[in-house]
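Here the protein sequences line up with chains H and P, keeping their order. For the first sequence, my numbering assigns the number 293 to the initial residue and increments by one for each residue that follows. For the second sequence, my numbering assigns the number 43 to the initial residue and increments by one for each residue that follows. Where is the CB? At the ideal position from N, CA and C, for every residue including glycine. Because the structure is a prediction, the values reported are computed rather than measured. In what follows, a structure is listed as structure tokens, so that the remarks can point back to it.
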Amino acid sequence: MMPDTLPEVSRMVDRSAILAYAAITDDYNPLHVDEAFAAGTPFGKPIAHGMLSLNLVWQSLRRAFGQAMPIALDVRFVRPVLQDTRVTAGGHRRKDGAYDVWVRNGAGDDVIIGTAWPAGSVARKPDQPA
Amino acid sequence: MITYESFTPGQVMGRSEAVLDAAKLQAWQALFPEDDLGGAMPHGMVAAIAMRAYAEVLQPRPPGNVHAAQHFDLLRLPHVGEHLTTTITCLEKEVRKGRFRVTLGMDTAGTEGPAFRGRMTVLWAA
């Protein structure tokens, strides 16, 4: 039985989390880690790696479906996650069986939106042949 | 410096080798404590493998690239100790609203066969 909603998962994205993620991924883009560089951008402060917040979607999917494979996820990073932002991920089942997924900031704005196709989903991914 | 002009759709940009060792898993679990799957790679670490490959293969890069979109197909979760090879290919490039968009394909396979695929769209800064 596929759930209608995915469990919500939250975390604070602070500087220590951003620096830890940079070290794990070897992604030291100054937008993420250089506060002086970031101060000169339209964001005004560092923004988190998009995939740091995306991990909350993976956690939400795993809470719902365990380690069932295969699983596919397609997302767009629609707003930056500024350093020191609390983000929450979740999702809900669509009529076609796929899941709309999202990550929202503390103001409730979407920062990541997308679609997940868990194992057993009846939905057909767009790149799959009819 | 790899600029927008450097990319040719269809071109293999390079390969990255990595071992999913215990230290990597521990670093990940320190940041995401619930991601302890008993030696299996947590789902979100596909991003770490992909981003390390991106950082290794596509360098030097201009500062200020922005990650715009991402697709992942997870076929299986590799296990600790598995050797992974990620091949990065330029799938497409375009100028949209005055910004350089580059889409990269990432295919990761291990000693037990294909593990996951990715498609990453980056707003290239220069």
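Identify, in the order they occur along the chain, each residue of the same chain with its Cβ nearer than 8 Å to the Cβ of residue i, setting aside the five sequence neighbours on each side.
i, result
"Thr153 (chain P)", "Glu124 and His125"
"Pro51 (chain P)", "Cys132, Leu133, Glu134 and Lys135"
"Ala360 (chain H)", "Pro410, Ala411 and Gly412"
"Glu47 (chain P)", "none"
"Pro104 (chain P)", "Met43, Ile44, Thr45, Trp166, Ala167 and Ala168"
"Val370 (chain H)", "Asp402, Val403, Ile404 and Ile405"
For the alpha helix (DSSP H) that contains residue i, what are its first and last residues?
i, result
"Ile404 (chain H)", "Ile404 (chain H) -> not in any alpha helix (DSSP H); beta strand (DSSP E) instead, spanning Asp402 to Trp409."
"Lys66 (chain P)", "Ala64 to Leu73"
"Leu353 (chain H)", "Gly342 to Phe357"
"Thr317 (chain H)", "Arg307 to Thr317"
"Arg94 (chain P)", "Met87 to Val99"
"Leu79 (chain P)", "Note, Leu79 (chain P): premise wrong, no alpha helix (DSSP H); not H, not E."
"Val370 (chain H)", "Run containing Val370 (chain H): none; DSSP gives neither H nor E here."
"Ala360 (chain H)", "Unbroken run through Ala360 (chain H): none, as it is neither H nor E."
"Pro322 (chain H)", "Pro322 to Val325"
Going by C-alpha to C-alpha distance, which of the options sits closest to residue i?
i, options, result
"Ser58 (chain P)", "P:Val99, P:Lys66 and P:Gly81", "P:Val99"
"Asp366 (chain H)", "H:Asp326, H:Trp350, H:Gly400 and H:Thr377", "H:Trp350"
"Met294 (chain H)", "H:Trp394, H:Gly398, H:Arg355 and H:Ile404", "H:Arg355"
"Thr128 (chain P)", "P:Arg138, P:Val137 and P:Arg161", "P:Arg161"
"Leu146 (chain P)", "P:Met43, P:Thr45 and P:Gln53", "P:Gln53"
"Phe335 (chain H)", "H:Asp319, H:Asp306, H:Gln375 and H:Arg307", "H:Gln375"
"Phe49 (chain P)", "P:Ile91, P:Gln101 and P:Met83", "P:Gln101"
"Phe114 (chain P)", "P:Ala65, P:Asp77, P:Ile91 and P:His121", "P:Ile91"
"Ala12 (chain P)", "P:Ala95, P:Lys139 and P:Leu67", "Here chain P has residues from 43 to 168 only, and residue 12 (chain P) is not among them."
"Gly81 (chain P)", "P:Lys139, P:Gln112 and P:Val122", "P:Val122"
"Met83 (chain P)", "P:Ala97, P:Met93 and P:Leu67", "P:Leu67"
By Cβ distance, which residues of its chain are closer than 6 Å to residue i, with the 5 residues on each side in sequence left out?
i, result
"Phe357 (chain H)", "Pro410"
"Ala422 (chain H)", "Residue confidence for Ala422 (chain H) is low, a pLDDT of 37 falling below 50, so the modelled location carries little weight; the figure read from the coordinates is stated next. Same-chain partners within the cutoff: there are none."
"Val61 (chain P)", "His125"
"Arg141 (chain P)", "Leu165"
"Ala340 (chain H)", "Val305, Ile310 and Val373"
"Pro322 (chain H)", "Phe329"
"Val423 (chain H)", "A query on residue 423 (chain H) cannot be resolved here, the shown segment of chain H reaching from 293 to 422 and no further."
"Asp149 (chain P)", "Thr129 and Arg159"
"Phe144 (chain P)", "Residue identity differs from the one stated: residue 144 (chain P) is Val in this sequence, not Phe. Same-chain partners within the cutoff: Phe49, Lys135, Val164 and Trp166."
Which same chain residues end up closer than 7 Å to residue i when comparing Cβ atoms and leaving out the 5 residues on each side of it in sequence?
i, result
"Leu353 (chain H)", "Leu298, Ile363, Ala408 and Pro410"
"Met87 (chain P)", "Trp70"
"Leu117 (chain P)", "Pro156, Ala157 and Phe158"
"Ala320 (chain H)", "It should be noted that the sequence gives Tyr, not Ala, for residue 320 (chain H). Ala314."
"His324 (chain H)", "Ile310, Ala314, Pro338, Ile339, Ala340 and His341"
Would you kindly report the start and end of the unbroken beta strand (DSSP E) that includes residue i?
i, result
"Phe142 (chain P)", "Arg141 to Gly152"
"Leu119 (chain P)", "Unbroken run through Leu119 (chain P): none, as it is neither H nor E."
"Tyr391 (chain H)", "Tyr391 to Arg396"
"Ala381 (chain H)", "Thr377 to Arg385"
"Thr163 (chain P)", "Gly155 to Trp166"
"Gly56 (chain P)", "Val54 to Val61"
- Task: Would you check if the region 156–168 of chain P and the region 106–113 of chain P touch, i.e. whether three or more CB-CB distances between them fall below 8 Å?
- Result: yes
- Query: Counting Cβ pairs closer than 8 Å, one from the region 337–348 of chain H and one from the region 306–313 of chain H, do we hit at least three?
  - Reply: yes
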